[in-house]
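Beneath this line is the structure, given in structure tokens, with notes to follow.
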Amino acid sequence: MIGLENKTECSNVFMVLADLYKLPTIEIWDEIKQQDLLKKLEKSVNELYSVGFSIEEVLPENYAEFQELYLNSIGSTQMHAALPIESLYKPWTQDETCTLPFARDKGYILGDSALHINYLLEKLKIDIPIELQSMPDHLAILLELLAYFIEHAPEHFTAEFMDDHYDWLEEFESKLLEVTEHQFYQRLTRLLIGTVKAHRNNYL
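Quick note on my numbering: the sequence shown kicks off at 551 and runs consecutively.
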């Protein structure tokens, strides 16, 4: 498969996607507006995975609007946003010995998936930004780890990582559709789901 022949290019795609799920910085805005970041992403995803999409046309008009859209859509509990944190979309733990009343409920951070990601981060000696340390299974971190594994881990490990940590994206997408009518993060997430599936197929 083409994805396995171009590991660095595939890794770069997921690193760009990771940046797009973080609070927009002026640097990423400049890359989008001055260096055609979204057009380059579109070209790479199409060439590597045969996934076609258009996202630039729904980009907010300016940097301030981009930041506001992020907070309203995926970045703020106060705005009832669709937070892209894996633990929120899964039962808090699968540990049958856990007797906490919310153990099997969804909607809580720092569940089993977060503990697993923390374990991987510690083993790899990778530090994450302070603002994400209470949510290590945030989608941006998952995508950065995937980018790393594509280049450096055995293929069976990467496939297992994808199976374990990317099975909640469609539920996240449904939540996103509920909280915002703006199409930027909706299209971005649809692109992500298609790209993840296409890359996972490389390991079949």
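Where a beta carbon is used, it is the ideal one built from N, C-alpha and C, also for glycine. The structure presented is a predicted model; accordingly, all values stated were derived computationally and were not measured.
As the crow flies, the alpha-carbon of residue 609 is around 11 Å from that of residue 620. Here DSSP, grouped into helix, strand and coil, assigns residue 578 to helix. Closest by C-alpha distance to residue 730, out of 670, 583, 625 and 663, is 625. Here DSSP, grouped into helix, strand and coil, assigns residue 732 to coil. Per the C-alpha coordinates, the member of 690, 722, 673 and 674 positioned closest to residue 681 is 690.
With contacts defined by Cβ atoms closer than 8 Å, residue 711 and residue 722 do not form a contacting pair. Nearest to residue 600 by alpha-carbon distance, out of 591, 558 and 607, is 591. Secondary structure of residue 688 (DSSP, three-state): strand.
Judged by DSSP in its simplified three-state form, residue 678 adopts coil rather than helix or strand.
In the DSSP assignment, residue 570 falls within the unbroken alpha helix (DSSP H) covering 557-570. Looking from the CA of residue 688, the closest CA among 676, 709, 664 and 697 belongs to 664.
Secondary structure of residue 635 (DSSP, three-state): strand.
Our two residues, residue 569 and residue 754, have alpha carbons roughly 28 Å apart in a direct line.
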